[in-house]
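Asker:
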Amino acid sequence: MPRVNSRCKAVVSLRQQQRRIRATLERIYLVDEVVAEPNIAAESSSIQPEVNCSSSMNHLSDCEVYNVPGIEAVLTMDDGDSSEPVDEESDVDSYLSLYDSDSQNSCYGSDENLFKNIDWSSSESENGLEDEVKKKRLLSNSGPLGCGIEYSKELCVNVDGIPLYKSSRSQFWPILGLLRNIDGAKPFVIGIFEGTSKPLDVNLFLEDFVREVKFLETNGVILNGKVIPFKISAILCDAPARSFLTDVKGHTAYFGCPKCETKGKYAKNHNSKKGRVTFPTSNARLRNNHSFRTRRQAEHHKGRSLLEELNLDMVLNIPLDSMHLCDLGVMKKLMLAWAKGKFERVKLSKALFCLLDRLMCSVSNFMPTIFCRKLRGVVDLDRLKSTELRQFRLFLGPVILKTILPIQLYQHFLLFHYGTRILSDPELSGLPEMISYADKILKLFVHQSKTLYGKKFVSFNVHCLTHLAQEATTYGSIDTITCYPFENFLQILKTLLKRVQSHSLQ
Ligand SMILES: [Zn+2]
1 MPRVNSRCKA VVSLRQQQRR IRATLERIYL VDEVVAEPNI AAESSSIQPE
51 VNCSSSMNHL SDCEVYNVPG IEAVLTMDDG DSSEPVDEES DVDSYLSLYD
101 SDSQNSCYGS DENLFKNIDW SSSESENGLE DEVKKKRLLS NSGPLGCGIE
151 YSKELCVNVD GIPLYKSSRS QFWPILGLLR NIDGAKPFVI GIFEGTSKPL
201 DVNLFLEDFV REVKFLETNG VILNGKVIPF KISAILCDAP ARSFLTDVKG
251 HTAYFGCPKC ETKGKYAKNH NSKKGRVTFP TSNARLRNNH SFRTRRQAEH
301 HKGRSLLEEL NLDMVLNIPL DSMHLCDLGV MKKLMLAWAK GKFERVKLSK
351 ALFCLLDRLM CSVSNFMPTI FCRKLRGVVD LDRLKSTELR QFRLFLGPVI
401 LKTILPIQLY QHFLLFHYGT RILSDPELSG LPEMISYADK ILKLFVHQSK
451 TLYGKKFVSF NVHCLTHLAQ EATTYGSIDT ITCYPFENFL QILKTLLKRV
501 QSHSLQ
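Position one of the sequence shown corresponds to residue 1 (the UniProt record's numbering), numbered consecutively onward.
#1: Should M326 go down as buried or exposed, given a rule of 16 or more other Cβ atoms within 10 Å for buried?
#2: Near L381, which residues of its chain fall below 8 Å by C-beta distance, leaving aside the five closest residues on each side in sequence?
#3: Assign H412 to buried or exposed, taking buried as 16 or more other Cβ atoms, counted over all protein chains shown, within 10 Å of its Cβ.
#4: So, are the CB atoms of V248 and G264 less than 8 Å apart?
#5: Going by the C-beta, is T246 closer than 7 Å to any heavy atom of ligand 1?
#6: Based on Cα-Cα distance, which residue from A267, K274 and T262 lies nearest to A284?
#7: Locate the beta strand (DSSP E) running through R276, then write down its first and last residues.
#8: I need the straight-line Cα distance from N219 to G225, nearest angstrom please.
#9: Quick one, which of T196, I190 and E194 has its alpha-carbon nearest E212's?
#10: To the nearest angstrom, report how far apart Y165 and R499 are at their CA atoms.
#11: Taking K186 as part of the beta strand (DSSP E), name the residues at either end of that continuous run.
#12: So who's on the other strand from G195, going by DSSP bridges?
#13: Using a threshold of 8 Å, state whether the C-beta atoms of T474 and P319 are closer than that.
#14: Which residue or residues does DSSP assign as beta-bridge partners of A267?
#15: Are there 16 or more other CB atoms within 10 angstroms of the CB of A298, so buried, or fewer, so exposed?
#16: What are the boundary residues of the alpha helix (DSSP H) that includes K443?
#17: For the segment 385 to 404 and the segment 359 to 370, state whether three or more C-beta atom pairs, one from each stretch, are separated by less than 8 Å.
#18: Which residue's Cα is closest to the Cα of R304: A351, I400, D357 and L204?
#19: Determine the direct distance from the alpha carbon of P258 to that of L155, and round the result to whole angstroms.
#20: Evaluate contact between the segment 306 to 319 and the segment 438 to 458, counting only Cβ atoms and requiring at least three cross-stretch pairs below 8 Å.
#21: Tell me, please, which residues DSSP counts as bridged to P163.
#22: Write down the C-beta distance between I481 and L245 rounded to the nearest angstrom, noting that I regard them as a contact closer than 8 Å.
#23: Looking at C-alpha atoms only, which residue of Y437, P187, K268 and K455 is the closest neighbour of I492?
#24: How about A284: is its Cβ closer than 7 Å to a heavy atom in ligand 3?
#25: At which residue ranges does the segment 331 to 371 contain complete beta strand (DSSP E) runs of 3 or more residues, listed in the order of the chain?
#26: What are the residues that DSSP puts in a beta bridge with A234?
#27: In terms of alpha-carbon separation, which member of C372, T369 and F392 lies closest to L356?
#28: Quick check: what's the CA-CA separation for K385 versus V227?
#29: Taking Cβ positions only, does K214 come closer than 8 Å to chain C?
#30: Return helix, strand or coil for L428, following the three-state DSSP convention.
#31: Beta carbon of V157, beta carbon of F279: below 8 Å?
#32: Tell me which same chain residues have a C-beta within less than 6 Å of the C-beta of I490, skipping the five on either side of it?
#33: Going by beta-carbon coordinates alone, are L452 and R345 separated by less than 8 Å?
#34: Tell whether a beta-carbon distance below 8 Å holds between A469 and L423.
#35: Under 7 Å: does the beta carbon of H467 sit that close to some heavy atom of ligand 1?
#36: Relative to ligand 1, is the shortest distance from any of its heavy atoms to the C-beta of T262 smaller than 7 Å?
See the structure below:
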């Protein structure tokens with residue numbers, strides 16, 4: 001009965017995790033009301049996820065500070081027991097328990113109780129030096145009021161759609177949150193829309209979310225009697241979700257660039273009337289918050305999103321996402337050009353194609369275990385995941401392609417590799433001269449693309465590389481403002497839903 005064994009292991013793992021969380025909380029935050037051990041077991045045995053699907057927004061979010069997944073992750077990251085393997089099953093279980101406690105203690109709607117009153121300032125601890133070290137680590141992120149976490153700069157929001165089943169049009173559109181710059185922080189659910197298509201009215205979709213964020217922006221978050229300023233740091237999403245949320249033209253429109261006022265040009269396919277909008281100009285006037293809100297380029301806008309009512313820079317605070325832009329966008333496009341000749345000027349011979357495939361497969365045997373997914377060959381190009389494309393872009397590409405591509409194409413790829421590598425690096429991306437250098441070589445990459453791969457190659461994603469350095473200037477490493485953590489969490493949400501359905505069927 002492997003299934004039962006697996007489940008039992010997951011429950012034991014969950015209980016252990018909960019004990020560690022509570023023990024850590026007791027030590028660090030000196031919580032007065034410690035829940036007795038039997039209650040923990042009772043909680044884990046009556047797990048019921050609070051993922052209620054309806055066509056309206058359902059808020060599942062945080063109600064007590066120790067139930068915020070991002071914070072919980074910080075508290076447990078150094079608990080001294082790392083021997084226990086954490087599999088996806090136990091990961092899902094831990095989220096189930098979090099939502100279960102949310103459903104019991106939910107205070108969404110009574111905002112003054114948003115966070116439970118915990119004595120953060122108390123220095124009394126039974127565990128002496130160890131606790132002091134942990135407390136100092138948290139306080140090193142201290143906000144202006146010294147409350148531990150500077151919410152005003154650290155909250156990222158993600159919106160994306162995921163299809164639920166292959167056999168129906170049902171889909172989720174969750175609004176997720178994540179506390180930035182906290183090691184091990186995990187995304188959490190703010191609200192979920194469910195329907196048979198994407199939300200038709202953006203302002204209906206955002207109504208509850210914007211109202212609550214406005215309340216928090218005005219009143220702050222009350223924690224231990226202190227008011228912590230609240231501000232959304234970034235809204236992270238792919239290009240279609242971005243244009244939907246900001247109510248502007250899509251990424252295939254002539255005025256679709258969210259960062260500059262360039263006008264696209266239509267490039268026809270070879271021997272065909274069909275084609276696509278491309279963005280060959282890279283020196284157009286840049287957008288800013290003022291120009292966006294005053295509609296300086298009216299053709300860019302479709303309507304007025306409720307997001308504009310928030311304390312948000314409508315251009316800078318909705319950054320370009322490296323996962324969609326660099327990996328699923330440009331890296332995949334380059335591979336399509338080399339392997340399938342999608343852009344008429346370049347195509348590898350059959351022998352080189354086979355060699356590329358063989359090298360990609362063989363090198364994956366030597367990859368360290370920190371890479372969670374092994375790179376597959378170029379034969380599986382259509383099925384390559386974004387993490388595999390990222391592996392190739394940042395680490396393997398320069399080695400593998402050296403014997404595959406002609407020197408001109410290889411050097412051109414290196415511009416892309418070095419530019420994005422600098423902007424991803426936590427140290428290099430903090431140096432203005434390196435950001436400026438990355439900006440120059442990425443612009444050169446885009447410029448040379450027209451010659452090497454044809455005008456049609458410079459579509460939305462390739463053009464947006466010319467704006468990527470700006471994101472590093474605003475946020476530091478572009479890896480800190482990526483959709484990767486949210487994508488993983490969306491899969492966990494999907495698993496949750498399937499498990500609930502299989503339980504109800506039984
Ligand atoms: Zn642009």
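We put the beta carbon where it would ideally sit given N, CA and C, even for glycine.
Answerer: This is what the structure holds:
#1: It should be pointed out that residue 326 corresponds to Cys in this sequence rather than to Met. C326 should be labelled buried.
#2: K332, M335, L336, A339 and K340
#3: Under this definition H412 is a buried residue.
#4: No, these two residues do not count as a Cβ contact at 8 Å.
#5: no
#6: T262
#7: Per DSSP, R276 belongs to the beta strand (DSSP E) from G275 to T278.
#8: 12 Å
#9: I190
#10: 13 Å
#11: Looking at the DSSP string, K186 is not in any beta strand (DSSP E), and its letter there is neither H nor E.
#12: Q171
#13: yes
#14: R276
#15: exposed
#16: P432 to Y453
#17: yes
#18: Shortest Cα-Cα distance from R304 to any of A351, I400, D357 and L204 involves L204.
#19: 22 Å
#20: Cβ pair count under 8 Å is below three, so no.
#21: Q171
#22: Not confirmed; about 16 Å, so no contact.
#23: P187
#24: Ligands in the displayed structure: ligand 1; ligand 3 is not one of them.
#25: The qualifying runs do not exist here; there are none.
#26: C156
#27: F392
#28: 42 Å
#29: In the displayed structure, chain C is absent; only one protein chain is listed.
#30: helix
#31: no
#32: Position check: residue 490 holds Leu in this sequence, whereas Ile was assumed. The residues are I162.
#33: Against a cut-off of 8 Å, the Cβ pair of R345 and L452 comes out as a contact.
#34: In this structure, A469 sits near L423, with a CB-CB distance shorter than 8 Å.
#35: yes
#36: Yes, ligand 1 has a heavy atom inside 7 Å of this Cβ.
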